[in-house]
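See below for the structure under consideration.
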Amino acid sequence: MSFKSTVWKYFEVSKKDIRFCICLLCKAILSRGGYCPKTFTTSVIRRHLKKKHLVEYVLIEIESDKKKIIETSTVSTSSDSEIKKQLTLVESINKKRLWNINDHRAIKIHNRIEEMMALDIQPYTIVDLGFRKLIKEICPNYQIPSRSYLSENIVPQIYDNLFNLIKSNISSASYISLTTDIWTANSSNVAFISMTAHWLNNEFSQHRSVLRVMHFPESQIGKNISESLHKGLLSFEIPHTKIHIVLRDNAANMVAGVRDSGFKSMPCFIHTIQLCIHDSILSQQSVKEILVCCRRLATHFHHSPTAAAKLEELQEQLGSNKHMLIQDVTTRWNSSYNMIERMLDQRVPLATYTADHATQSTLNSFLWRLLDKVFHILEPFKTLTVNLSEREAFLSDVIPSIMALKVFFNPALVCEAFLSINTLVEQLKESIDKRLSIFLHDKYLSFHFL
Numbered sequence: 001m002s003f004k005s006t007v008w009k010y011f012e013v014s015k016k017d018i019r020f021c022i023c024l025l026c027k028a029i030l031s032r033g034g035y036c037p038k039t040f041t042t043s044v045i046r047r048h049l050k051k052k053h054l055v056e057y058v059l060i061e062i063e064s065d066k067k068k069i070i071e072t073s074t075v076s077t078s079s080d081s082e083i084k085k086q087l088t089l090v091e092s093i094n095k096k097r098l099w100n101i102n103d104h105r106a107i108k109i110h111n112r113i114e115e116m117m118a119l120d121i122q123p124y125t126i127v128d129l130g131f132r133k134l135i136k137e138i139c140p141n142y143q144i145p146s147r148s149y150l151s152e153n154i155v156p157q158i159y160d161n162l163f164n165l166i167k168s169n170i171s172s173a174s175y176i177s178l179t180t181d182i183w184t185a186n187s188s189n190v191a192f193i194s195m196t197a198h199w200l201n202n203e204f205s206q207h208r209s210v211l212r213v214m215h216f217p218e219s220q221i222g223k224n225i226s227e228s229l230h231k232g233l234l235s236f237e238i239p240h241t242k243i244h245i246v247l248r249d250n251a252a253n254m255v256a257g258v259r260d261s262g263f264k265s266m267p268c269f270i271h272t273i274q275l276c277i278h279d280s281i282l283s284q285q286s287v288k289e290i291l292v293c294c295r296r297l298a299t300h301f302h303h304s305p306t307a308a309a310k311l312e313e314l315q316e317q318l319g320s321n322k323h324m325l326i327q328d329v330t331t332r333w334n335s336s337y338n339m340i341e342r343m344l345d346q347r348v349p350l351a352t353y354t355a356d357h358a359t360q361s362t363l364n365s366f367l368w369r370l371l372d373k374v375f376h377i378l379e380p381f382k383t384l385t386v387n388l389s390e391r392e393a394f395l396s397d398v399i400p401s402i403m404a405l406k407v408f409f410n411p412a413l414v415c416e417a418f419l420s421i422n423t424l425v426e427q428l429k430e431s432i433d434k435r436l437s438i439f440l441h442d443k444y445l446s447f448h449f450l
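Residue numbers (UniProt numbering): 1 to 450.
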């Protein structure tokens with residue numbers, strides 16, 4: 001069956017039901033948009049191609065445009081002969097002429113390229129070689145400018161437009177809450193400080209914008225942090241009286257910096273429950289040894305392509321999920337939980353591998369059972385982290401979350417299933433009582449809860 005539309009290059013009609021077609025690229029089954037041949041359209045499959053297979057979509061659009069040009073430039077004079085329409089000299093010159101760099105059509109594409117680089121966090125090297133060939137094929141009249149032109153002209157213009165838009169939106173807000181943090185980039189060992197604003201508009205719709213992500217070479221003391229916060233607010237002309245509350249981590253320098261700025265602040269609840277885990281996870285020797293074994297196993301497969309290939313082969317043979325092992329990282333939330341969860345998921349392939357290959361670490365049946373208990377005792381922390389990381393999470397969720405942890409851990413202390421990790425359970429309970437009490441006794445939080 002032949003079709004006129006170029007989109008059918010990537011689709012075929014379903015043999016079971018002609019009302020549906022199959023994508024040859026991803027095997028997705030799509031409706032043809034009707035119930036009989038007279039009502040079938042290509043709208044659905046075109047949208048699928050544009051959304052899922054952008055490169056192929058661009059190619060068929062180019063092919064379709066070329067086809068239309070040929071059809072419109074050909075005049076039928078008889079059934080046996082055709083005469084092609086000859087372009088005028090002006091039309092021929094304009095077709096090949098490159099747009100000026102300041103042409104409104106070129107500027108529109110400049111902006112789209114820079115927006116793509118910003119949204120996808122791409123380097124300027126993306127506009128070289130292959131990307132230039134793609135643009136030349138899609139839009140022959142457009143020439144990508146130099147990197148310096150993009151960075152010195154287009155980026156500042158986009159920044160100024162976005163800055164003014166955020167500033168205008170914030171100015172209409174009655175109150176603003178801030179979140180701030182300091183971190184060091186692993187790739188360059190350079191420190192940065194960020195400040196994000198959160199507010200409600202007149203329709204009670206929630207909004208947020210990152211106001212600053214600045215290089216922070218100064219000593220990370222309270223005074224310098226306070227000065228950075230003041231500069232950020234000053235640049236957006238936000239009065240201090242508009243600041244409702246500042247959310248920060250538990251580090252002493254951040255506490256001091258926000259306090260010196262004169263703002264009311266709250267520690268990040270998720271960061272605090274992660275500290276509870278860090279306080280306790282290594283309190284029991286047997287648990288500590290299991291985590292060491294898990295890390296060594298993960299390292300073994302990460303550093304040995306041969307071992308990784310063998311594990312993948314075993315996963316295929318045993319019908320297990322084809323997942324790589326996860327290595328925990330101290331600064332990453334729920335890192336130990338994620339590592340343990342993946343180990344338990346790959347228990348059978350790992351046991352099979354270690355039975356036939358010498359490794360630095362192995363887990364016997366007792367240790368696997370112990371690992372499963374640790375997994376279940378850490379599960380509430382993972383659940384809370386995921387739920388309270390949602391954009392719709394509120395301060396009023398904090399106190400119920402703490403009470404839920406207490407309800408879980410009070411019986412866990414005497415539960416027979418957790419007797420083999422009772423030291424870990426006791427330490428977690430003690431850390432919860434100690435670190436989370438600040439939230440239970442905070443009048444501000446209690447008001448929101450009520």
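Cβ coordinates follow ideal geometry from the N, Cα and C atoms, glycine included.
Out of curiosity, what's the CA-to-CA distance linking residue i and residue j?
{"i": "F366", "j": "N334", "result": "24 Å"}
{"i": "K223", "j": "V58", "result": "54 Å"}
{"i": "I126", "j": "A118", "result": "12 Å"}
{"i": "K242", "j": "K429", "result": "38 Å"}
{"i": "R342", "j": "H323", "result": "8 Å"}
{"i": "A412", "j": "L30", "result": "51 Å"}
{"i": "N186", "j": "I193", "result": "15 Å"}
{"i": "N169", "j": "S209", "result": "10 Å"}
{"i": "N250", "j": "E379", "result": "23 Å"}
{"i": "F394", "j": "T354", "result": "46 Å"}
{"i": "E203", "j": "S171", "result": "15 Å"}
{"i": "R112", "j": "K434", "result": "51 Å"}
{"i": "K38", "j": "W99", "result": "43 Å"}
{"i": "Y35", "j": "C23", "result": "19 Å"}
{"i": "L129", "j": "W368", "result": "52 Å"}
{"i": "K16", "j": "H303", "result": "48 Å"}
{"i": "N153", "j": "E137", "result": "25 Å"}
{"i": "I166", "j": "S226", "result": "22 Å"}
{"i": "H357", "j": "A307", "result": "9 Å"}
{"i": "V292", "j": "S396", "result": "38 Å"}
{"i": "V414", "j": "S389", "result": "31 Å"}
{"i": "S78", "j": "K108", "result": "The predicted model places S78 with a pLDDT of 43, which falls under 50 and marks its position as unreliable; any figure quoted below should be read in that light. Approximately 44 Å, taken between the alpha carbons."}
{"i": "I349", "j": "N364", "result": "It should be noted that the sequence gives Pro, not Ile, for residue 349. Their backbone Cα atoms lie some 14 Å apart in a straight line."}
{"i": "H215", "j": "N102", "result": "33 Å"}
Compare the Cα-Cα distances from residue i to each of the options and report the closest residue.
{"i": "S146", "options": "F163, Y159, N224 and Y124", "result": "Y124"}
{"i": "Q295", "options": "I225, T330, V155 and E390", "result": "A quick correction: the sequence has Arg, not Gln, at residue 295. Checking every option, the nearest Cα to that of R295 belongs to T330."}
{"i": "H244", "options": "F263, L234 and A309", "result": "F263"}
{"i": "H110", "options": "S148, L129 and T306", "result": "S148"}
{"i": "I18", "options": "L98, F40, N153 and N422", "result": "F40"}
{"i": "N321", "options": "R332, V292, G33 and Q346", "result": "Q346"}
{"i": "P217", "options": "S226, G232, T184 and Q206", "result": "T184"}
{"i": "S265", "options": "L54, M116, E390 and L178", "result": "L178"}
{"i": "H278", "options": "R332, P305 and I238", "result": "R332"}
{"i": "K116", "options": "P267, L311 and V155", "result": "Position check: residue 116 holds Met in this sequence, whereas Lys was assumed. Minimum Cα distance to M116 is reached at V155."}
Please work out which residues of its chain come closer than 7 Å, Cβ to Cβ, to residue i, disregarding the five sequence neighbours upstream and downstream, and give them in chain order.
{"i": "T299", "result": "Q327"}
{"i": "S64", "result": "T6"}
{"i": "C26", "result": "K52"}
{"i": "S283", "result": "T423, L424 and Q427"}
{"i": "M339", "result": "C294, A298, I326, Q327 and D328"}
{"i": "K382", "result": "N334 and Y337"}
{"i": "A28", "result": "H48"}
{"i": "L384", "result": "I273 and S401"}
{"i": "E56", "result": "Y10, L25 and L49"}
Can the beta-carbon of residue i be found less than 8 Å from the beta-carbon of residue j?
{"i": "A173", "j": "N201", "result": "yes"}
{"i": "F301", "j": "L325", "result": "yes"}
{"i": "I182", "j": "W199", "result": "no"}
{"i": "I62", "j": "V7", "result": "no"}
{"i": "S280", "j": "S431", "result": "yes"}
{"i": "F269", "j": "V386", "result": "no"}
{"i": "A191", "j": "Q220", "result": "yes"}
{"i": "I158", "j": "I144", "result": "no"}
{"i": "residue 467", "j": "E114", "result": "Absent from the structure is residue 467, since the part of the chain shown begins at 1 and ends at 450."}
{"i": "H240", "j": "L234", "result": "no"}
Could you pull out every residue in the same chain whose Cβ sits closer than 6 Å to the Cβ of residue i, ignoring the five residues on either side in sequence?
{"i": "T180", "result": "M195 and R248"}
{"i": "R212", "result": "M195 and G232"}
Might you give, ordered along the chain, the residues of its own chain that have their beta carbon closer than 8 Å to the beta carbon of residue i, omitting 5 neighbours on each side?
{"i": "F3", "result": "none"}
{"i": "L370", "result": "S286, V287, I290, S420 and I421"}
{"i": "I377", "result": "A412, F418, I421, L424, V425 and L428"}
{"i": "R105", "result": "W99, N141 and Y142"}
{"i": "D372", "result": "L344"}
Is residue i close to chain B, meaning its C-beta is less than 8 Å from at least one C-beta of that chain?
{"i": "R369", "result": "No chain B is part of this structure, which consists of one protein chain only."}
Mind checking whether the beta-carbon of residue i lies closer than 7 Å to any heavy atom of the ligand NAD?
{"i": "Y124", "result": "The ligand content of the structure shown is nil, which means the ligand NAD is not present either."}
For this session: Would you be able to state if there are at least three C-beta pairs under 8 Å between the stretch 46-60 and the stretch 5-13?
Result: yes
For this session: Please confirm if the stretch 384-403 is in contact with the stretch 426-442, defined as three or more CB-CB distances below 8 Å between the two stretches.
Result: yes
For this session: Determine contact between the stretch 304-317 and the stretch 238-256, defined as no fewer than three beta-carbon pairs at a distance below 8 Å.
Result: no
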